Structures are given as structure tokens and as C-alpha cells.
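Remarks on the structure that follows.
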Amino acid sequence: MVAPQLNVNFAGVRFKTPVVAASGTFGFGREYGELFDLSRLGGICVKGLTVKERHGNPPPRIAETPMGILNSVGLQNPGADVFIEKELPFLRRYDTTIIANISGNTVEEYCELAEKLSEARVDMLEVNISCPNVKAGGLAFGTTAKSAALVTEAVKKHSSVPVMVKLSPNVTDITEIARAAEGAGADALSLINTLLGMRIDIETRRPVLKNNTGGLSGPAIFPVALRMVWQVSAAVKIPIMGMGGISKAEDAVEMLLAGASLVCVGTALFSDPLAALRITEGIGAYLERKRLDSVSQLTGKVQPYQL
Amino acid sequence: MPELCLGRVADNKKLTETVRALTVEAEAIARRAAPGQFVHIRCGAENLLRRPISICDVSGGAVTLVVEARGAGTDWLARREPEDVLDILGPLGNGFDTGGRRILLVGGGIGVPPLLYAAKKAAGVKRAILGFQTEHRILLEEEFKNACDEVFITTDDGSAGEQGHVTAPLKRLLDRGAADAVLACGPRPMLRAVYELASQYGVPCQVSMEERMGCGIGACLVCACQTRENGQLHMRHVCKDGPVFRGEAVVW
């Protein structure tokens with residue numbers, strides 16, 4: 131039997147495998163690049179970029195929770211110009227798809243970022259309208275259908291590469307935001323960003339995070355992410371990159387069956403830096419076991435009960 | 185470049201009621217480890233995050249890691265037995281510069297262990313001031329006496345050595361001009377006091393900082409440490425830029 135096809139055509143962009151490193155957990159690839167060959171990844175979503183350099187929130191920025199972590203990094207990054215000049219050439223040495231994750235305080239900033247980064251020839255944009263850890267912009271754009279559509283439409287006008295919109299789970303109805311982004315021209319969606327959470331130190335009566343609240347990720351949120359991808363995939367026609375707590379190949383297969391065409395691996399890298407590679411191998415093994423030719427045959431193939 | 189490897193536990197020695205010294209055979213890490221660096225260890229399936237543990241000593245192909253059981257992860261680690269296998273990433277971070285004619289090592293509590301390897305690697309005259317809460321929490325006194333020319337012990341309650349903080353003997357040594365370089369590891373308030381005192385005497389001070397970590401390699405950016413370098417503020421990271429920083433660079 132021929133080895134199953136792992137490559138995916140996602141909104142016109144080729145990914146050699148369905149497994150992508152999640153934004154915010156992977157920096158610009160340099161550190162993990164010392165541990166494995168980045169060309170073995172389907173793609174890399176780089177650390178969220180802003181127009182100007184951001185120093186992020188004061189520490190502590192992380193707290194462990196049962197099967198999860200809370201983080202409040204606050205979009206620390208050197209700014210898009212430094213990324214284009216110093217980091218993108220390094221990433222381009224690898225045979226993998228590069229997705230630039232962008233965050234603005236205003237619609238104009240999103241547009242400026244879209245223009246700069248598509249001119250710099252990243253393969254795709256991931257528009258972050260769902261960061262829970264910054265005051266201005268960030269999550270605010272992702273919590274109403276109207277503002278999500280506004281940002282999406284503006285970014286589309288200023289981008290020459292496909293645009294994916296990253297959705298927040300911190301909303302009443304994620305399918306409403308998904309439809310709004312699709313209606314405004316989004317080429318794809320990614321979900322979910324982290325769930326807003328909190329921990330308190332009962333001795334000091336202080337929040338564990340200096341930012342008081344943070345974004346929850348890790349296996350604890352996987353069932354929530356899976357449910358949301360399933361709901362969104364029924365609501366839109368554009369492809370979905372599914373993420374949220376995927377830590378093993380079986381999780382990734384569930385996510386694909388729920389409706390995702392690609393999966394992102396993030397927090398799992400902290401316990402196992404090679405998690406993305408192990409998940410890729412495991413997906414291949416599953417396809418062989420099920421005698422399927424291509425990973426695309428899994429997307430949306432869950433057979434829900436009819437109620 | 186860090187290595188991801190499996191290390192076999194060769195020994196687990198009780199140092200105090202809550203502190204253990206694990207000897208772990210990890211040739212690839214031992215070969216490249218420098219004083220002040222750390223390893224990032226997976227602590228069982230139930231703990232999502234690895235735990236950063238500083239390298240206390242290196243001998244042949246093994247590293248000694250001193251672990252204080254104070255949470256789920258370190259408790260798991262402290263209970264490892266010979267022949268158990270650990271998933272270790274390391275060596276990580278930037279360690280101590282052990283150059284200088286007269287080195288003064290200042291450690292507090294569980295911050296003491298990484299200074300031992302620094303003492304062993306330093307070529308000059310070596311003195312150590314080691315501070316603990318109380319007598320039964322003293323760590324590695326014999327090892328430091330073997331590695332250093334002079335060792336001073338302080339305890340908060342006076343149950344052993346000199347009563348009080350490490351800063352009292354530090355001031356006396358600085359008064360007599362006994363140090364060209366201070367290397368410190370311990371709780372943040374201690375590090376700040378040691379740095380401020382050393383700087384009054386114009387003696388450069390390196391401090392090993394601690395912060396809650398995620399990836400351990402500089403990708404996730406959670407273990408932030410604010411610095412001022414050439415008048416510019418930066419947000420550095422303890423795992424990659426540190427854990428050892430120049431005292432004057434840290435925004436205390």
C-alpha cells in the first residue's frame with residue numbers, strides 16, 4: 131500500500147502535513163529549530179506580531195492548572211519590521227508554510243500589518259481578533275460579529291495572500307462570529323484561541339498571574355475546542371484550522387473528524403518539544419490502519435447522532 | 185544547543201527533610217553543562233509543565249540535581265529511585281562567568297546548589313556565604329568546604345553559623361576587599377540586597393533569577409525579566425537570556 135497523503139490544500143495554500151505549530155508557543159521557530167528540523171512541520175504560525183515592538187505583561191505570566199496552563203504574555207514581540215528583516219529570512223530556509231499572526235489596536239494597524247507582511251511574502255495571514263491578554267484591540271474585535279466583519283473586510287483589502295481569522299471562544303455564539311468573518315471575505319478560520327481564566331493564591335490572596343487573568347490552554351480545553359470546531363464547520367464553507375489542547379495523534383484525528391482541515395499544536399510542545407512530529411506520525415498510522423489515501427478524507431467525517 | 189534525552193537515575197540522596205540530591209546519568213547534557221545552567225524535566229504524565237532544576241554538579245557523564253519537594257512536580261521528582269528514567273531537556277540558559285581572581289559565592293536556601301559547580305569550575309580564590317532558615321535546612325556544607333577556600337554559614341534563627349542574613353558576612357568581606365566578583369543565587373529579595381551591597385563596593389555581581397517557566401527554551405516568552413541595558417528597557421527571558429543576569433542590568 132502507498133503511504134497515505136498528508137499534504138493539505140488549505141484555502142489555496144499548500145501544507146505538506148496537517149500539523150502546524152500554534153502561534154505564541156513557538157516564537158519564530160529558532161528555539162525549536164535547535165531540537166528538530168522545522169521542515170518536518172506542515173506550517174508555523176509565528177508569535178503574534180504588532181506594528182510596534184511590545185514588551186508584554188509583567189511576570190508571573192504563567193500558571194499551571196489541572197491539565198492546562200494559563201498565560202498572560204500580552205503579545206510580547208519585536209514588531210513586524212524586525213520580524214520581516216531578521217526572522218522571516220531564517221524561517222524561509224525551511225520547507226514549511228509560514229503564517230504571520232497579526233494583532234492591531236485599531237483597524238488601520240491590522241491593515242498596515244497585512245500590507246507589510248503580504249508584501250514580505252508570508253504564505254498566509256492569521257488575523258488575531260481574540261487575544262485575551264491585551265487592553266486595546268485584541269479580544270474586543272473578536273467578540274461582536276460587526277467588529278469581526280469590519281476587521282476581516284479591511285484586512286482582505288490590504289492583503290495579497292490568503293487571510294485566516296482566529297476566533298475567540300469567549301463569546302456567546304462562536305458560529306455568529308464565524309459567519310460574519312466568512313461573509314466579510316475570510317479565506318479560512320482558525321479556532322479556538324485561549325479561554326479566559328484565573329487562579330488565586332489563597333495564602334497571599336493575590337491572583338497567580340500579575341495580569342490577574344489569562345488564557346487557558348492545554349488538554350483541559352480540548353473538548354470545548356472540538357465542540358466549537360464542529361459547530362463552526364457546520365455554519366461555514368471556508369476551511370478551518372482547529373486547535374485547543376491537542377496533545378496526541380488521536381486528539382488531532384478527532385479535530386479533523388469534527389471539521390478541521392489542519393490542526394495546530396501548541397501547549398503540548400512544552401511537555402514534549404517533539405509533540406508535533408509524533409502527532410504527524412500518528413495521523414499517518416491512523417490513515418494506514420483505516421486504509422485511507424489522504425488526510426483530507428477525515429475532515430468533517432464525524433457521524434453525529436440525529437436527535 | 186540543548187539536548188532532549190532520557191537520563192537514568194543513579195542515586196537519590198536525602199539532604200534535608202524536603203530536599204533530595206538526584207544523580208542522573210545523561211552524558212549528552214553532562215558533557216556540555218556550564219555552571220548556572222539548568223535542565224527542564226518532565227515530571228510524570230499528570231504534570232503538564234516541565235520543572236526547571238539547576239545543575240548542582242557534574243561528574244563524568246552524570247549531573248547532580250538538587251530538588252526541593254514543594255509542589256506536585258518537584259514532589260514527583262524527589263521521589264524518583266535508582267533505575268528510573270527521566271525525560272530531560274538541557275543544558276539550558278546562560279550560566280555564571282566564573283572568571284576572576286577572588287570569587288565570592290552567595291547563596292540562599294534552595295539557591296545554594298548551582299553555586300557548587302561554579303565553585304568547582306572557578307580557578308581563583310573561592311569563598312562562599314550560604315544562608316538558610318535554620319540548621320536542619322543547611323545544604324551541601326561539606327561539599328562547599330571541599331570546593332572553597334572559606335565558607336560562611338548564616339541562619340535566620342541562629343541555630344547554626346552566624347545569626348542573620350547573608351549580607352552581614354558579605355559586607356565584612358567586601359570591607360576587606362576580599363572579592364573581585366560576586367555570584368549569587370537565592371530568593372529575589374536576597375539577590376537584590378546582595379547586588380546593591382556589592383555595587384556600593386564597585387564589585388560586579390551576577391545574579392541567577394527565578395521565574396515560572398513554560399517551554400524552557402525561549403519560545404513561549406512567559407518567564408519575563410525586565411532589564412535596562414545601555415539605558416534601554418528590555419523584557420528578557422530567564423530561560424534563554426538568563427537565568428544568570430548582571431545585577432546592574434536587572435530592573436529590581
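In order, the protein sequence lines correspond to chains A and B. Per the working numbering, the very first residue in the first sequence carries number 131; after that it's consecutive. Per the working numbering, the very first residue in the second sequence carries number 185; after that it's consecutive. From the three backbone atoms N, C-alpha and C, an ideal C-beta is built for every residue, glycine too. Note that this is a predicted model, so its numbers are computed, not measured.
Just curious, the beta strand (DSSP E) that residue i is in, first and last residue?
i                      : result
residue 361 of chain B : Residue 361 of chain B -> no beta strand (DSSP E), and no H or E assigned at all.
residue 416 of chain B : 416–421
residue 236 of chain B : 235–243
residue 212 of chain B : No beta strand (DSSP E) contains residue 212 of chain B, which is instead part of the alpha helix (DSSP H) from 211–216.
residue 198 of chain B : 187–198
residue 175 of chain A : 173–175
residue 275 of chain B : 269–276
residue 139 of chain A : 138–140
Is the beta carbon of residue j closer than 8 Å to that of residue i?
i                      : j                      : result
residue 187 of chain B : residue 225 of chain B : no
residue 442 of chain A : residue 321 of chain A : Here chain A has residues from 131 to 437 only, and residue 442 of chain A is not among them.
residue 390 of chain A : residue 432 of chain A : no
residue 221 of chain A : residue 271 of chain A : no
residue 273 of chain B : residue 191 of chain B : no
residue 390 of chain B : residue 222 of chain B : no
residue 430 of chain B : residue 364 of chain B : no
residue 155 of chain A : residue 429 of chain A : no
residue 323 of chain B : residue 203 of chain B : yes
residue 207 of chain B : residue 248 of chain B : yes
residue 394 of chain A : residue 175 of chain A : yes
residue 369 of chain B : residue 301 of chain B : no
residue 134 of chain A : residue 392 of chain A : no
residue 327 of chain A : residue 355 of chain A : no
residue 402 of chain B : residue 418 of chain B : no
residue 205 of chain A : residue 186 of chain A : yes
residue 276 of chain B : residue 199 of chain A : no
residue 177 of chain A : residue 201 of chain A : no
residue 131 of chain B : residue 311 of chain B : Because chain B here runs from 185 to 436, residue 131 of chain B falls outside it and cannot be looked at.
residue 244 of chain A : residue 285 of chain A : yes
residue 226 of chain A : residue 143 of chain A : no
residue 351 of chain B : residue 377 of chain B : yes
What in chain A is Cβ-close to residue i, meaning under 7 Å?
i                      : result
residue 374 of chain B : By Cβ distance, chain A contributes nothing, its closest Cβ being about 18 Å from residue 374 of chain B, past 7 Å.
residue 360 of chain B : Those within 7 Å of residue 360 of chain B in chain A number zero; the least Cβ separation is about 37 Å.
Just to confirm the assignment, what range does the alpha helix (DSSP H) spanning residue i have?
i                      : result
residue 492 of chain A : A query on residue 492 of chain A cannot be resolved here, the shown segment of chain A reaching from 131 to 437 and no further.
residue 194 of chain A : Careful: residue 194 of chain A lies outside any alpha helix (DSSP H), inside the beta strand (DSSP E) at 192–195.
residue 359 of chain A : 352–365
residue 384 of chain B : 372–384
residue 328 of chain A : Counting along the chain, residue 328 of chain A falls outside any alpha helix (DSSP H), and DSSP gives it neither H nor E.
residue 242 of chain A : 237–249
residue 290 of chain A : Element bounds for residue 290 of chain A: n/a, residue is neither H nor E.
residue 328 of chain B : 325–331
List, in order along the chain, the chain A residues whose C-beta lies closer than 8 Å to that of residue i?
i                      : result
residue 232 of chain B : 194, 197, 198, 199, 348, 349, 397, 400 and 401
residue 226 of chain B : 401 and 402
Could you list which residues in chain B have their beta carbon closer than 8 Å to that of residue i, in chain order?
i                      : result
residue 191 of chain A : 396, 405, 406, 407 and 408
residue 224 of chain A : Within 8 Å Cβ-Cβ: nothing; residue 224 of chain A doesn't reach chain B, min ~15 Å.
residue 206 of chain A : 405, 408 and 419
Apart from the five residues on each side of it in sequence, which residues of its chain come closer than 7 Å, Cβ to Cβ, to residue i?
i                      : result
residue 291 of chain A : 248, 252, 253, 254 and 255
residue 160 of chain A : 220
residue 433 of chain B : 411, 412 and 413
residue 349 of chain A : 197, 198, 375 and 377
residue 417 of chain A : 134 and 425
By Cβ distance below 8 Å, which residues in the same chain neighbour residue i in space, the five residues on each side in sequence not counted?
i                      : result
residue 325 of chain B : 314, 335 and 337
residue 319 of chain A : 294, 295, 296, 297, 308, 311, 312, 362, 366, 368, 369, 370 and 371
residue 244 of chain B : 214
Can you list the residues of chain A that residue i reaches, using a CB-CB cut of under 9 Å?
i                      : result
residue 402 of chain B : 157, 160 and 161
May I ask you to report which of helix, strand or coil DSSP gives residue i?
i                      : result
residue 410 of chain A : helix
residue 152 of chain A : coil
residue 199 of chain A : strand
residue 231 of chain A : strand
residue 260 of chain A : coil
residue 335 of chain A : coil
residue 282 of chain B : coil
residue 161 of chain A : coil
residue 315 of chain B : strand
residue 166 of chain A : coil
residue 337 of chain B : strand
Under 9 Å between beta-carbons, which chain B residues line up against residue i? List them in chain order, please.
i                      : result
residue 185 of chain A : 408, 410, 417, 418 and 419
residue 165 of chain A : 185, 186, 187, 188, 273 and 401
Name the chain B residues that come within less than 7 Å of residue i, Cβ to Cβ?
i                      : result
residue 203 of chain A : 405 and 406
residue 436 of chain A : The contacting residues do not exist; residue 436 of chain A stays about 37 Å from chain B at best.
Nearest chain D C-beta to residue i closer than 8 Å, yes or no?
i                      : result
residue 414 of chain A : The displayed structure is made up of protein chains A and B, and chain D is not among them.
What residues in its chain sit with their C-beta under 6 Å from that of residue i, if we drop five residues either side in the sequence?
i                      : result
residue 367 of chain B : 280, 289, 302 and 390
residue 224 of chain A : 168 and 169
residue 309 of chain B : 286 and 333
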